[in-house]
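Everything below concerns the one structure shown next.
Protein chains: 2
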Amino acid sequence: MSILVIEDDPKTGDYLKKGLRESGYAVDLARTGTDGLHMALEHAYDLVVLDVMLPGIDGWEIMRALRARRDLPVIFLTARDHVSDRIRGLELGADDYLVKPFSFTELVLRIRTLLRRGVIRERDVFEIADLKLDVLRRKVTREGVEIPLTNKEFMLLHLLVRRQGEALSRTQIASEVWDMNFDSDTNVVDVAIKRLRAKIDHPFEKKLIHTVRSIGYTFGDGA
Amino acid sequence: MSILVIEDDPKTGDYLKKGLRESGYAVDLARTGTDGLHMALEHAYDLVVLDVMLPGIDGWEIMRALRARRDLPVIFLTARDHVSDRIRGLELGADDYLVKPFSFTELVLRIRTLLRRGVIRERDVFEIADLKLDVLRRKVTREGVEIPLTNKEFMLLHLLVRRQGEALSRTQIASEVWDMNFDSDTNVVDVAIKRLRAKIDHPFEKKLIHTVRSIGYTFGDGA
DNA sequence: CAGACGGATGACAAAAACGTCATGAACGGC
DNA sequence: GCCGTTCATGACGTTTTTGTCATCCGTCTG
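Residue numbers (full-length UniProt numbering), protein chains in the order written: chain A, 1 to 223; chain B, 1 to 223.
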C-alpha cells in the first residue's frame, strides 16, 4: 500500500513519513501543493494525506482537482478544529479529517479503516463532466439522459474513461477492446470512435473525446 | 438507504431520527443496546449510528458483536472527546466517530461519505457451483472456460444469478431485462432462456437454470 | 388414458451491430 | 499556399442478435 503525504512543514512531513513507513506503508512526501497534485496524478497511490494549510495552491484546490480526476481516498489535516473547515473538507469529497495535533495511532487507524474498506476495488462508476458511466448497470448518461450504447461502444468508452487523460494509441485500444495482439492495418478503431462520438459527443456542447494527432485518442474534459 | 440509530437518550434519538429521515434515509431507532443488536442482525441496514454510552450492554460490546457477524459500517457517537475512546472505537472496527455535541450537517456528510465509498457496493463477482460471473469484465466461465454471451443473455443471466434461488416470473424478468412494464403476451423470455441454456447448461453436466412450473425460472445449484 | 395447460424448440425474418473500403476534410511542415 | 500525412465519414455488405410464430413435448388432472 502506498501513501502520498502533502505537507509543507518539514517537521510534520518527516514525522508522518517516518511514522507511516514504520507502519508498513510506502510513503512519498510532497512539500508543495503543486508537487503533490502532480505526484498524485502521475503515480497510483492508494491514499492521500493532505494538509489543508499550504502555501501556493491550498488544500481545498488540490482536493477539488484530485477528486475531479481520480477516486482516491483523502484524509485531510486541519490545524484547528473549526467546524466549518471540517464540513468544507467533507463536502469536497474528503473521506476523513484529523485535527492537529493528532495522535499518530489514530492516523494509522483511520488509514487502516479506509484501506480496509476495499478502496482497492475496481471502480464501477465514473463521472466526468456531465457524463456518467455505470459499469454494473451498463448505463451511460449525459446531462442525465441515458444514452444506449452497443457492446463495442461501451467497451471502448469504458476503456477511454478508465484511462481518462491518457492518450491511447489505436494499437492499445485495439488490443484491449478487440483483443488483437498483432498489428493489423484496419481502421476499426477510427470507425468505432466515430460511432461513439455520434452518440456521446455530437449531440452535446462539450466534447469529451479528443484526437491526439499521430498518437490516438484521449478522453476528458480537458480542464 | 436505511440506517439504524442506537441511542438511549430519547431527545437525541428523536432528533437523529427526524433529521436523518429528512435527509432522505429510512431510519429505525433502537432505545437499548440489546434491541439495537437484535435489529441490526435481523434487518439489512446499510449503516449504524451507535451511541457508546448505553445502559446495559455498552456500545463497545455491540460494536464487537456487530463486527463479528456483519460487515456493516458503524459511526459511533461519543459524549466527550477522549482520545482513548476514539482509538478504542476505531480499533474495534468503527468507520468513524463523532463527538457530542456535533453538527448535524457533519453527521450527514459523514454518512454520505461512508455510503459513497461504496461500503454497500453491489456485488460484481458471483460464483455458483463451477460458474463464475464477473460483471465488470462482462465475462462468464464454467469450469474455467469462458462462455461468450450476447447482451441480452448476459443481462438475463446476471438477473438470475443476482437473485439466485428466487423463482422469477416471466413478467418480472421481462420488466427487468426488456423493461416492459406492461404485460404483453410474448415468449421472448422463454426463447432467451432457451438460448442461454444452450450456452451455459447444455454443454455441462450440472444444470443451473431450473424452470418453476407455472411460475417462471430460477437459478442455482439446488444444494 | 385423454385432455389441457405450460414449456421447449426450430425456423424464419427483421433489426442491429460490425468491419471494410473509398473518398473527403483537416492538419502540420516546408 | 502546397503537399503529404493523418483523421473523419458515408456507404455497403456481412454477420450476429433478437423477436415472433407454429409446432412439439411433458406433466398434471381427472
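Using N, Cα and C, we set each Cβ at its ideal position, and we do this for glycine too.
From the beta-carbon of B/E7, no residue of chain A is found nearer than 8 Å; the closest lies around 21 Å away. With a threshold of 7 Å between beta carbons, B/V140 makes no contact with chain A.
In the three-state scheme derived from DSSP, where H, G and I count as helix and E and B as strand, B/E61 is classed as helix. With contacts defined as CB atoms closer than 7 Å, B/M53 and B/L92 fail to qualify as a contacting pair. Here B/L47 is not near B/P10, since their CB atoms are 7 Å or more apart. Note on geometry: alpha-carbon atoms of B/H202 and B/R195 lie some 10 Å from one another. If you compare the alpha carbons of B/E42, B/T186, B/S169 and B/I200 with that of B/R213, the shortest gap goes to B/S169. When rounded, the separation of the alpha-carbon atoms in B/T78 and A/M39 is 37 Å. The beta-carbon of A/I3 is placed no less than 7 Å from the nearest beta-carbon of chain B. The Cβ atoms of B/I128 and B/D8 do not sit closer than 7 Å to each other. Residues of chain B whose Cβ lies closer than 8 Å to the Cβ of A/I87 are, in chain order, S103, T105, E106 and L109. Taking B/R197 as the centre and dropping the five residues before and after it, the same chain places the C-beta of I209 closer than 6 Å to its C-beta, in chain order.
The straight-line gap separating the alpha-carbon atoms of B/E176 and B/L159 is approximately 8 Å. Check the Cα spacing between B/A30 and each of B/I6, B/K18, B/G216 and B/I215: the tightest is with B/I6.
Excluding its 5 nearest sequence neighbours in each direction, B/L115 has C-beta neighbours in its own chain below 7 Å: M1, D46 and L47, listed in chain order. Within the UniProt DNA-binding region "OmpR/PhoB-type" (123–221) of chain B, contact with chain A at the beta-carbon level (separation under 7 Å) is assigned to D124, V135, L136 and N151.
In the DSSP assignment, A/F154 falls within the unbroken alpha helix (DSSP H) covering N151 to R162. With respect to B/V140, B/D124 sits apart: the two C-beta atoms are not nearer than 7 Å.
Check the Cα spacing between B/L131 and each of B/V161, B/L156 and B/S103: the tightest is with B/V161.
Under the Cβ criterion of 7 Å, A/L90 is counted among the residues facing chain B.
In the three-state scheme derived from DSSP, where H, G and I count as helix and E and B as strand, A/A198 is classed as helix.
In chain order, L92 and G93 place their CB closer than 7 Å to the CB of A/R67, counting only its own chain and leaving out the 5 sequence neighbours on each side. Going by DSSP, B/F126 is part of no alpha helix (DSSP H) but of the beta strand (DSSP E) stretching over V125 to I128. One Cα belongs to A/T12, the other to A/T34, and the distance between them is close to 18 Å. For the 7 Å CB-CB criterion, B/D95 and A/T113 form a contact. Between B/F76 and B/L50 the beta-carbon gap is near 5 Å, inside 8 Å, which marks them as a contact. Across the structure, B/H43 and B/I3 are spaced so that their CA atoms are roughly 10 Å apart. Membership of A/V108 in the alpha helix (DSSP H) is indicated by the continuous run F104 to R116. Residues M1 and I3 of the same chain have their beta carbon placed closer than 6 Å to that of A/Y25, with the five preceding and five following residues left out of the count.
Collapsing the DSSP output to three states places A/K139 in a strand.
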